[in-house]
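The listed protein sequences correspond, in order, to chains A and B.
In this text, residue positions in the first sequence follow my numbering: the first is 333, and each later residue adds one.
In this text, residue positions in the second sequence follow my numbering: the first is 333, and each later residue adds one.
Backbone N, C-alpha and C fix where the C-beta goes; we use that ideal spot for every residue, glycine too.
For clarity, every value in this text was computed on a predicted model and none was experimentally measured.
The next block holds one structure in the form of structure tokens; read it before the comments.
There are 2 protein chains.
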Amino acid sequence: MNNQLLKMVKIGGNIINDEDALCSFLKDFSEIDEPKILVHGGGKRATEISEAMGLKPKMIEGRRVTDKETLEVVTMVYAGLLNKKITAQLQKLNCNALGLSGADANCILAHKRIVTDVDYGFAGDVDAINAEFIKVLLQNNITPVFCAITHDKNGQLLNTNADTIASEIAIAMSEFYEVELNFVFELKGVLENIADKNSVIQHINLKKYEQLIEDGVISEGMVPKLHNCFNALKKGVQKVNIGDASLIKNTTNLFTVLSIE
Amino acid sequence: MNNQLLKMVKIGGNIINDEDALCSFLKDFSEIDEPKILVHGGGKRATEISEAMGLKPKMIEGRRVTDKETLEVVTMVYAGLLNKKITAQLQKLNCNALGLSGADANCILAHKRIVTDVDYGFAGDVDAINAEFIKVLLQNNITPVFCAITHDKNGQLLNTNADTIASEIAIAMSEFYEVELNFVFELKGVLENIADKNSVIQHINLKKYEQLIEDGVISEGMVPKLHNCFNALKKGVQKVNIGDASLIKNTTNLFTVLSIE
Numbered sequence: 333m334n335n336q337l338l339k340m341v342k343i344g345g346n347i348i349n350d351e352d353a354l355c356s357f358l359k360d361f362s363e364i365d366e367p368k369i370l371v372h373g374g375g376k377r378a379t380e381i382s383e384a385m386g387l388k389p390k391m392i393e394g395r396r397v398t399d400k401e402t403l404e405v406v407t408m409v410y411a412g413l414l415n416k417k418i419t420a421q422l423q424k425l426n427c428n429a430l431g432l433s434g435a436d437a438n439c440i441l442a443h444k445r446i447v448t449d450v451d452y453g454f455a456g457d458v459d460a461i462n463a464e465f466i467k468v469l470l471q472n473n474i475t476p477v478f479c480a481i482t483h484d485k486n487g488q489l490l491n492t493n494a495d496t497i498a499s500e501i502a503i504a505m506s507e508f509y510e511v512e513l514n515f516v517f518e519l520k521g522v523l524e525n526i527a528d529k530n531s532v533i534q535h536i537n538l539k540k541y542e543q544l545i546e547d548g549v550i551s552e553g554m555v556p557k558l559h560n561c562f563n564a565l566k567k568g569v570q571k572v573n574i575g576d577a578s579l580i581k582n583t584t585n586l587f588t589v590l591s592i593e
Numbered sequence: 333m334n335n336q337l338l339k340m341v342k343i344g345g346n347i348i349n350d351e352d353a354l355c356s357f358l359k360d361f362s363e364i365d366e367p368k369i370l371v372h373g374g375g376k377r378a379t380e381i382s383e384a385m386g387l388k389p390k391m392i393e394g395r396r397v398t399d400k401e402t403l404e405v406v407t408m409v410y411a412g413l414l415n416k417k418i419t420a421q422l423q424k425l426n427c428n429a430l431g432l433s434g435a436d437a438n439c440i441l442a443h444k445r446i447v448t449d450v451d452y453g454f455a456g457d458v459d460a461i462n463a464e465f466i467k468v469l470l471q472n473n474i475t476p477v478f479c480a481i482t483h484d485k486n487g488q489l490l491n492t493n494a495d496t497i498a499s500e501i502a503i504a505m506s507e508f509y510e511v512e513l514n515f516v517f518e519l520k521g522v523l524e525n526i527a528d529k530n531s532v533i534q535h536i537n538l539k540k541y542e543q544l545i546e547d548g549v550i551s552e553g554m555v556p557k558l559h560n561c562f563n564a565l566k567k568g569v570q571k572v573n574i575g576d577a578s579l580i581k582n583t584t585n586l587f588t589v590l591s592i593e
């Protein structure tokens with residue numbers, strides 16, 4: 333494939349919650365020369381604002397349920413406060429950022445998660461990405477910044493997993509670009525031993541991934557994260573990396589590279 | 333001028349606060365065939381959420397001051413909740429809406445209002461509109477939906493008057509389009525007698541406007557609104573109308589048309 337490189341980065345709560353870390357990350361991100369896309373998750377601000385408003389988090393089997401009030405708060409915090417703060421910071425850094433939810437220009441179409449055992453409320457599962465429009469933005473030197481709010485094209489906004497959004501956008505954009513997808517999180521990579529922060533597994537292919545799950549090395553939150561990674565690789569994304577914020581600065585060689593073979 | 337027509341509509345709190353009125357307005361708006369732009373103000377939801385969070389509105393001489401906490405709330409509510417709800421509703425109506433703040437793609441550059449007698453806090457006065465990018469959106473059949481949040485390109489978001497935003501965008505777009513700017517508010521138009529809701533002055537030119545101010549017929553909130561209207565007309569906007577939501581449906585002849593001559 334001889335397509336142009338598109339760099340995608342997904343950041344989570346650990347960076348969003350720390351003003352200095354976010355500032356430093358955005359500076360590094362703004363210095364990426366290639367066309368680029370940022371996807372951001374939530375962070376503790378939504379919980380703080382829910383609490384300030386006197387809302388009680390609704391949990392089922394340890395998982396948060398997006399009821400009507402929670403959807404309002406996450407829409408406000410993710411699509412409003414965080415997305416616009418990040419966008420304004422990137423503009424300061426001369427990166428022509430444009431904040432987007434899935435409803436904007438129908439970028440991310442989703443459906444309300446089907447109720448089987450548990451009703452997660454207004455949680456969205458992604459159906460389609462408007463890759464043509466995202467391409468128009470990139471061609472106009474715009475850097476899309478996605479929050480994790482989608483819609484069902486029937487007027488309903490939906491709370492959606494940010495890792496999944498990053499993977500689905502990466503897959504859709506791989507029709508036009510050679511896509512490198514970077515998941516930035518609190519660890520240096522996928523760890524061999526959770527107690528040793530430097531025990532990064534530097535390369536995981538599909539076979540090793542299946543072995544690591546079988547051996548219980550990958551568990552809990554890493555399972556859906558790696559599922560998203562391999563789903564992206566299987567569906568056309570060229571490169572997927574997992575690591576901490578130094579991954580973007582290229583100052584580290586310690587991170588996890590995922591590949592099919 | 334032989335340019336294509338661009339219809340702009342600005343809506344305020346009276347429509348945003350009433351779910352049925354908003355729904356009905358958005359249906360009419362979505363049926364406008366021409367390229368179109370929506371600008372929306374705030375409404376009472378920001379006040380409700382401020383109160384729910386235990387914030388006390390800070391007022392100086394009867395005017396609300398945008399302190400740091402208020403800026404967070406209006407950013408959440410205007411750019412998050414309201415903007416995305418409106419966008420999702422328009423998407424349902426097959427209008428390819430894209431919600432924007434002024435920070436997004438540097439659409440509306442502003443500066444923090446200079447402190448003279450009163451410090452209004454994080455209130456923004458508009459300096460420049462990115463008309464080229466807005467044109468790219470319109471050419472891609474996107475309908476921009478602007479909230480009244482701007483930025484200073486130095487990382488600071490700012491709360492800005494929605495009427496002013498509508499006028500400034502209309503002026504900037506008049507370089508490329510024949511612009512019709514419609515201000516939708518709670519009255520049928522500019523009233524001769526505030527006690528008679530049907531005493532609409534159907535045509536006001538610049539000379540009459542000055543006379544009406546001198547006679548005290550136009551006062552309070554109508555003064556800055558009409559100032560914005562005439563500023564737009566003087567700077568290239570072709571048509572400016574003021575009226576209630578029926579203005580958009582073209583089911584009424586009772587509204588105010590403003591013109592220079």
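Leaving out the 5 sequence neighbours to the left and right, which residues in its chain are closer than 8 Å to Arg377/B when beta-carbon positions are compared? Ile348, Asn349, Val409, Leu413, Leu414
Residue from Gln421/B, Leu523/B, Thr398/B, Asp365/B with nearest C-alpha to Glu351/B: Gln421/B
For a contact defined as C-beta to C-beta under 8 Å, what are the partners of Val409/B on chain A? Met408, Gly412
Whole angstroms is fine: what's the gap from Phe587/A's alpha carbon to Glu518/A's? Computed Cα separation, rounded: 12 Å.
Contact set for Ser531/B: own chain, Cβ-Cβ below 7 Å, skip 5 residues either direction: Leu523, Glu524, Asn525
Against chain A, which members of the region 338-371 of chain B pass a CB distance test of less than 7 Å? none
Residue span of the alpha helix (DSSP H) that contains Met408/B, given as start and end: It is not in any alpha helix (DSSP H) - Met408/B carries neither H nor E in the DSSP assignment.
Can you tell which of Gly575/B, Leu470/B, Gly434/B, Ile474/B has its C-alpha closest to the C-alpha of Gly456/B? Gly434/B
Can you confirm whether His443/B, when its beta carbon is compared against all beta carbons of chain A, has any partner nearer than 8 Å? no
When DSSP builds the beta bridges, which residues end up paired with Asn537/A? Ser591/A
Within 8 Å, strictly: CB atoms of Leu513/B and Tyr541/B: No.
CB contact flag (Thr407/A, Lys424/B, <8 Å): no
Euclidean distance between Cα positions of Ile592/A and Asn573/A: Spanning the alpha carbons of Ile592/A and Asn573/A requires a straight line of approximately 13 Å.
Quick check on this structure: which residue in Glu404/B, Asp451/B, Ile550/B has the alpha carbon closest to the alpha carbon of Glu393/B? Asp451/B
CB contact check: Val468/B to chain A, cutoff 8 Å: yes
Tell me, which residues are paired with Lys368/A by DSSP? Lys339/A
Cβ closer than 9 Å: which chain B residues qualify as neighbours of Phe465/A? Result: Asn428, Leu430, Asn472, Ile474.
For Asp484/A, does the count of other Cβ atoms within 10 angstroms reach 16, so buried, or fall short, so exposed? buried
Closest Cα partner of Gly386/B within the set Lys368/A, Glu380/A, Leu354/A, Leu441/A: Glu380/A
If you check the beta carbons only, do Leu338/A and Tyr509/A fall under 8 Å apart? Cβ atoms of Leu338/A and Tyr509/A: closer than 8 Å.
The beta strand (DSSP E) enclosing Glu510/B, as first and last residue numbers: 510-516
Please report how far the alpha carbon of Ile550/A lies from the alpha carbon of Ala460/B, in whole angstroms. 51 Å
Quick check: the Cα distance between Asn493/A and Leu590/A, rounded to an integer number of angstroms? 20 Å
Residue closest to Glu401/B, alpha-carbon to alpha-carbon, out of Gly375/B, Gly344/B, Ala429/B, Leu489/B: Per the Cα distances, Leu489/B.
Along chain A, in chain order, which residues have C-beta atoms closer than 8 Å to that of Ile503/B? Ordered by position in chain A, no residue passes the 8 Å Cβ test against Ile503/B, which lies about 22 Å from the chain.
From the DSSP output, in three-state form, read off Gly345/B for me. helix
Kindly say whether Lys424/B, judged by its beta-carbon, lies nearer than 8 Å to any beta-carbon of chain A. Answer yes: the Cβ-Cβ gap between Lys424/B and chain A drops below 8 Å somewhere.
Relative to the C-alpha of Glu507/B, which candidate in Ile536/B, Asn563/B, Gln570/B, Ile533/B has its C-alpha closest? Nearest of Ile536/B, Asn563/B, Gln570/B, Ile533/B to Glu507/B, Cα basis: Gln570/B.
What does the alpha-carbon distance come out to for the pair Asn346/B and Ala353/B? Straight-line Cα distance between these residues: approximately 8 Å.
N- and C-terminal bounds of the beta strand (DSSP E) containing Ala437/A: Note, Ala437/A: premise wrong, no beta strand (DSSP E); not H, not E.
Can you tell me whether Val405/A is buried or exposed? The criterion is at least 16 other CB atoms within 10 Å of its CB, across all chains shown. buried
Rounded to whole angstroms, what's the CA-CA distance from Thr373/A to Gln543/B? Just pull it up for me. As written in the sequence, residue 373/A is Gly, which differs from the Thr given in the question. Spanning the two alpha carbons is a distance of roughly 55 Å.
Pro476/A - containing beta strand (DSSP E), residue span: Element bounds for Pro476/A: 475-478.
Express the C-alpha separation of Gly521/A and His535/A in angstroms, rounding to a whole number. CA-CA distance, His535/A to Gly521/A, rounds to 10 Å.
Extent of the continuous alpha helix (DSSP H) to which Asp360/A belongs: 351-362
For a test of the three-state rule: what should DSSP assign to Arg377/A, helix, strand or coil? helix
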